[in-house]
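Student:
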Amino acid sequence: MGDTWTGEKVRLRGVEPEDWRGFRDLARDLDGVRAADLVQPPRSDEGFRAWTAERAGRPPGGEAFRLVVEVVADGSFAGAVTVGETDRRAGRFRIGVEIGRGHRRRGYAAEAVSLLLAYQFSEERLHKCEVEVYAFNEASLALFRGVGFVEEGRLRDHEFLAGAHHDVVLLGITAPEYRSAATG
2 MGDTWTGEKV RLRGVEPEDW RGFRDLARDL DGVRAADLVQ PPRSDEGFRA WTAERAGRPP
62 GGEAFRLVVE VVADGSFAGA VTVGETDRRA GRFRIGVEIG RGHRRRGYAA EAVSLLLAYQ
122 FSEERLHKCE VEVYAFNEAS LALFRGVGFV EEGRLRDHEF LAGAHHDVVL LGITAPEYRS
182 AATG
């Protein structure tokens, strides 16, 4: 039994007030934001400080939470993972992951997602994780498929962003599927 929150490359940790610059940089990466969410109007540095301080003061865990993805080698802020839309009765939850431009394509997202899934399936006794990915976001589709997620469906012309409607791909993984992929 190792450290639940630390892999070979990344550590998942709680949000600290000084993480505001990392979250600001994620929000300013419009290509990254557009691949996962809606582009928002610019926020001030003070707005990021207040937003991050409020999140740092929240109790850990629960039905929805956010953790920082930190690089083990140097302690740098690489991004964040989120859990949301938890349905304990059905045993389902959704996750998201954001990795900053300078930290992409190094395996950080895959390891962060794996650490989060291991916790949710083993410690929280949840059964299934779901994600929604824009069909044009090939990097995220490859990431989740590589971790063991299976495509469960497609919502055609489901979301509007950047001046057009886009399909959303639904992917899921169950606890037994994750355990099989993690050990196989």
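Everything in the sequence shown is counted per the numbering used here, starting at 2 for the first residue and increasing by one. Glycine is no exception: its CB is placed at the ideal position from the N, C-alpha and C atoms. All of these numbers come straight from a predicted model, not from anything done at the bench.
Go through its chain and collect everything with a Cβ distance to Ala111's Cβ below 8 Å, but skip five positions before and after it.
Tutor: So the list reads Leu144, Gly147, Val148, once near-sequence residues are dropped.
Student: In terms of residue numbering, what span does the alpha helix (DSSP H) encompassing Thr7 cover?
Tutor: No alpha helix (DSSP H) holds Thr7; DSSP gives it neither H nor E.
Student: Based on Cα-Cα distance, which residue from Gly103, Gly97, Asp88, Pro60 lies nearest to Ala79?
Tutor: The shortest Cα separation from Ala79 among Gly103, Gly97, Asp88, Pro60 belongs to Gly103.
Student: Can you tell me whether Ala163 is buried or exposed? The criterion is at least 16 other CB atoms within 10 Å of its CB, across all chains shown.
Tutor: With fewer than 16 other Cβ atoms within 10 Å, it is exposed.
Student: Less than 8 Å between the CB atoms is what I'm expecting for His128 and Thr175, so what's the real figure, rounded?
Tutor: The pair is a contact, with the Cβ atoms about 6 Å apart (cut-off 8 Å).
Student: The beta strand (DSSP E) that contains Val73, what's its start and end?
Tutor: Where Val73 is concerned, there is no enclosing beta strand (DSSP E), given that its DSSP letter is neither H nor E.
Student: Run through DSSP, which three-state label would Ala81 get?
Tutor: Reduced to three states, the DSSP call for Ala81 is strand.
Student: Considering only their Cβ atoms, is the gap separating Val170 from Val114 smaller than 7 Å?
Tutor: Taking 7 Å as the Cβ cut-off, Val114 and Val170 do not qualify as a contacting pair.
Student: For Ala54, which residues from the same chain have a beta carbon less than 8 Å from its beta carbon, with the 5 sequence-adjacent residues on both sides left out?
Tutor: Here the set comprises Pro18, Trp21.
Student: Report buried or exposed for Ser45, applying the criterion of at least 16 other Cβ atoms within 10 angstroms of its Cβ.
Tutor: With fewer than 16 Cβ atoms within 10 Å of its Cβ, Ser45 is classed as exposed.
Student: Can you grab the Cα-Cα spacing for the pair Glu160 / Arg50, in whole Å?
Tutor: Rounded to whole angstroms, Glu160 to Arg50 spans 30 Å at the Cα level.
Student: What's the gap between the Cα of Glu71 and the Cα of Leu27?
Tutor: Cα to Cα, Glu71 sits roughly 14 Å from Leu27.
Student: When we look at the beta-carbon of Gly58 and count the other beta-carbons within 10 Å, is it buried (16 or more) or exposed?
Tutor: Burial call: exposed.
Student: Can you have a look at Leu31 and say buried or exposed, based on whether 16 or more other CB atoms are within 10 angstroms of its CB?
Tutor: Flag for Leu31 reads exposed.
Student: May I have the straight-line CA-CA distance separating Gly48 from Ser181, to the nearest angstrom?
Tutor: Those two C-alpha atoms are separated by around 43 Å.
Student: Distance, Cα to Cα, Ala65 vs Thr7?
Tutor: For Ala65 and Thr7, the distance between alpha carbons rounds to 20 Å.
Student: Give the straight-line distance between the Cα atoms of Glu124 and Asp168, rounded to the nearest whole angstrom.
Tutor: Cα to Cα, the separation comes out at about 34 Å.
Student: Please work out which residues of its chain come closer than 7 Å, Cβ to Cβ, to Glu153, disregarding the five sequence neighbours upstream and downstream, and give them in chain order.
Tutor: Cβ within range, chain order: Leu171, Leu172, Gly173.
Student: DSSP three-state label for Ala165, please.
Tutor: In this structure, Ala165 counts as strand in the three-state DSSP scheme.
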